[in-house]
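I have placed the structure first, in the form of structure tokens, so that the comments after it can refer back to it.
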Amino acid sequence: MANRPLVDRSASAGGIRRLLTLGGFLFLLAAGLALFGNSFGDRALLIIFGLLAVIGMLAIFAICLGLLQFAGRTGDGSIARAFVEALPVGTLIVDRKGRVIYANRAYGDITGASEAAEVRTIERLLAREPDASEAIYRLANSARDSRAGQEEFRLARAIAGSDPTPHWYRASVRPLDGDRASLQAWQIADITSEREEQETFFRDLQHAIDYLDRAPVGYLATDDEGRLIYINATLAEWVGLDLVSFRPRVQAFSDLLTQDGRTGVEKELADLAPGEIRRVEADFVTGTGQRMPVRMLCRTEASGGAPRGALRAAILKRSVGNGDGDALQAAEIRFTRFFNSSPMAIAAIDGDGRVVRANPEVARVFGAGAATGETAITEAIREANRDALRHALAAVVSGKAGTPSIDTETLGEPSRSVRLYMSPISDLPDSSGEMAIIYGVDITEQRALEDQFAKSQKMQAIGNLAGGIAHDFNNVLTIITASVDFLLLNHRTGDPSFQDLLLIKQSANRAASLVRQLLAYSRRQTMRPKMLNLTDVIADMHLLLKRVSGDHAALERQHARDLWPVMADIGQFEQVITNLVQNARDAMPDGGTITISTRNLPSAEVKGFNYPELTEGDYVLVEVADTGTGMPAEVAERIFEPFFTTKEIGKGTGLGLSMVYGIVKQSNGFIFVDTRDGEGTTFRIFLPRHVPTELAPARGDAAPPSADARTDLSGTASILLVEDEDHVRAGNVRALKMRGYEVHEASSGLEALELMQEIGETIDLVVSDVVMPEMDGPTLLTELRKDWPDLKFIFVSGYAEDAFAKNLPDGIKFGFLAKPFSLRDLALAVKSALDE
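Quick note: to get this note's numbering, add 476 to the position in the sequence shown (first position is 1).
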């Protein structure tokens, strides 16, 4: 009975029933034919019995030959049935209509069914159990959808028997394909003992975790990639980490270390063999940013192919007491902290120049290979300084003191400038091989500042020279221009000398243009800044820039939206863009693309450009990029110098980019160039963002007067002309007298003051140079306004108005005329000032 299934209505039992049914049918057929006396009844009856006799004889022979067995062969079905019956898991097979096809003995034991009539399906058995109904409902849905499913549930008591304790069960269902209809295999197992083992395991695990959390020592564990997978409560409290929000494999172990100590600790752990326990001194950083010295006992576990195995570490706080042993420990802690956190690279080297011991800064400055002793320290610097360092190290290793320092550059990327100091070790008691100590001070930023200062000093000196030359040259050009204007008044168009005079004037104008470029470079050019939107300015220049770029270059514009306003002279800025586009065109002899782009640059993004001169603040960035031939580094360093050019003779003056430089600088901006030989060039202009405020009172009218040819420029006013250059003064006096003005002359500011004391009441206007001996123009204006506050005044200068206006009181009014100027410009400026 125990070896037989509780219910078995499988295909073999159905086959026997069909065989018996067939036999009964044949007997009934034969009996019917005999009873009704059909004419063929007797003959049919004899045929049927004959067939049965033949089949019987064949069956007897088959049985004798072993070809047929009554019990059948032990096939796959019998083996599978025996296997299922022996399972400790209750198994029930039902059809689509829920009729029980098969149930093994274990199913009866679990559900309490001892006979076939007592067998019920799992769905009917547990559908009304509150603790199991939802799980059974989900399984029933899976069965109806021909899907497999599994659920676990807990009952307050056992399904069968009188055990009142809670029990855990695992129920599952999966579809079976039969010959005519789909079948479903339900299984149920009592997993109470399994759950009890799991609960015991988790309880023991929780006890272990509680023990680790309450231990006075910190514990941590990482995966193969150095990410934290466990940290106990003690260590979490020390470093200020919230265990509630802690997620494994999110935070790196290196995040617990101070920035300057990471390299040293990682170097210690890199060569830690699997299973080896090593003591590592380190500094952790707490959540409040405090440094916490610790001592770690570390061990790694081998992991297939990982660069470093999983780390297990116990952490102790390093504390200092009052005893002698504690004093020694304190000294060790202080030295370790000083050594590892020093911003100077410190290394002990052997006789071959290889590092024996080093602090983390050595790896940052000289590279990991030199820091670990894989390569000599001399191999980490530029080849030009290697021989000098080898000789210095040889002297130090031999015990010689007072070796001078060496300045060199490392081979790393980016290269760093380092100043090396060396001292010998003569009394080391151990056999570590340390022969000398080398100290490396990173002076990269210092060198950059020195180079920047030298460059700015050079540019300033060139600017002062250019400005001085321009000032003196302006006086010469003023005399030439005035003299030519006087000669042109006496010559008509048909005169043979008229064309020569025009050529002289045109040449003077060209010279004046060169002077303006020099003044722009020296930042002494007259600027008329106003609030601009650079996107609109560049858009208005598009047709001009298309002509400048030519047909062989494609011109593209990329502008950001809502561009911040800037303060700049629109005419000067247009010259800047035109010059840069022209240079980009010349750098692309085979054609290419010129891209002009603008965008806002918040102060947070300024450091990303790594330009030391660029100060913090909000800027509007203008970029002019080309895809041309680029420039080598030695050329890029000099492109803003006046008269420096790479073009052929006669194709450039070398003042275009120097003028661009001066205009940008005079606009309080910055300009930089990024280029590589053969890879194109990008000019970047940074103009400060302008925040509109209330308009300040006007200091002077620097705008040039304008009038058409029919304007009457004559007058009868009394004018005091102050100019230290005799020829310039004589020409200006002559020009004004020709217009009908009464002109008084003075060669200096002091002479002008004395003359004003005599005839001051009759003077209507003072026209004065700015730069004069004894007393300059601004001082003269200040003195004259004390006695004549309404006196009209015009400054004449080759420098920009801002060069002297900043020394005048706020709100003071004056006119301005830039040198060189024509006779008409002078007459027009005087007429406009008098008419105000």
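Heads up, the beta-carbon is just placed ideally off N, CA and C, and yes, glycines get one too. These figures come from a predicted structure and were not determined experimentally.
Judged by DSSP in its simplified three-state form, R1037 adopts coil rather than helix or strand. For F677, the enclosing alpha helix (DSSP H) starts and ends at T668 to R690. Note on geometry: alpha-carbon atoms of V1198 and I956 lie some 19 Å from one another. With at least 16 other beta carbons inside 10 angstroms of its own, D1102 counts as buried.
Shown here, R833 sits in a strand according to DSSP, grouped into three states.
Contact between the segment 1080-1100 and the segment 1146-1162 is established, with three or more Cβ pairs separated by less than 8 Å.
Taking one beta carbon from each stretch, the segment 733-749 and the segment 707-716 have fewer than 3 pairs nearer than 8 Å; the two do not touch. Judged by DSSP secondary structure, R858 falls outside any beta strand (DSSP E); it is assigned neither H nor E. A check of alpha carbon separations from V841 across I531, L896, P880 and N861 identifies L896 as the nearest. Taken atom to atom, the span from the alpha-carbon of E1237 to that of G1253 is near 20 Å.
Ranked by Cα distance from T848, the options D1153, Q1142 and R833 are led by R833.
Spanning the alpha carbons of D680 and A616 requires a straight line of approximately 37 Å.
When the alpha-carbon of L1310 is set against those of D1266, P642 and D826, the nearest one is in D1266. Contact between G785 and P750 holds: their C-beta atoms lie close to 5 Å from each other, under 8 Å. Here E1081 is exposed, its C-beta having fewer than 16 other C-beta atoms within 10 Å.
Residue pairing by DSSP puts G625 in a beta bridge opposite V649.
Secondary structure note for E599: it is in no beta strand (DSSP E), and the uninterrupted alpha helix (DSSP H) holding it is I598 to L602. Within a 10 Å sphere around the beta-carbon of A1303 sit 16 or more other beta-carbons, which makes this residue buried. When rounded, the separation of the alpha-carbon atoms in N985 and P1296 is 9 Å. Annotation for F1269: the continuous beta strand (DSSP E) segment containing it runs K1268 to S1273. By the Cβ neighbour-count rule, T969 is exposed, with fewer than 16 other Cβ atoms within 10 Å of its own. Setting aside the 5 residues that flank it on each side, A624 is surrounded in the same chain by S618, S648, V649, R650 and P651, each with a C-beta closer than 8 Å to its C-beta; the list follows chain order. The three-state reading of DSSP puts A823 in strand, counting E and B together. The C-alpha of Y706 lies about 22 Å from the C-alpha of R794.
For the options L733, L745 and C774, the alpha carbon positioned closest to that of V761 is the one of L733. For R575, the closest C-alpha among the options W662, A1206, I1070 and A529 is that of W662. About 5 Å separates the beta carbons of H1166 and P1041, which is inside the 8 Å limit, making them a contact pair. About 24 Å separates the CB atoms of F677 and T698; that is not less than 8 Å, and the two are not in contact. Looking at the backbone, the Cα of R892 and that of E1050 are separated by about 40 Å. In the DSSP assignment, E885 falls within the beta strand (DSSP E) that extends over I882 to E885.
By the C-beta density criterion, H643 is buried, having at least 16 other C-beta atoms within 10 angstroms.
A distance of 8 Å or more separates the beta carbons of I569 and L482. Per DSSP, reduced to three states, the secondary structure at Q727 is coil, with no helix or strand assignment. Under the 10 Å beta carbon count, S1244 is surrounded by 16 or more other beta carbons and is classified as buried. Residue environment for I586: buried (at least 16 other C-beta atoms within 10 angstroms of its C-beta). With a 10 Å radius around the Cβ and a threshold of 16 neighbouring Cβ atoms, P836 comes out buried.
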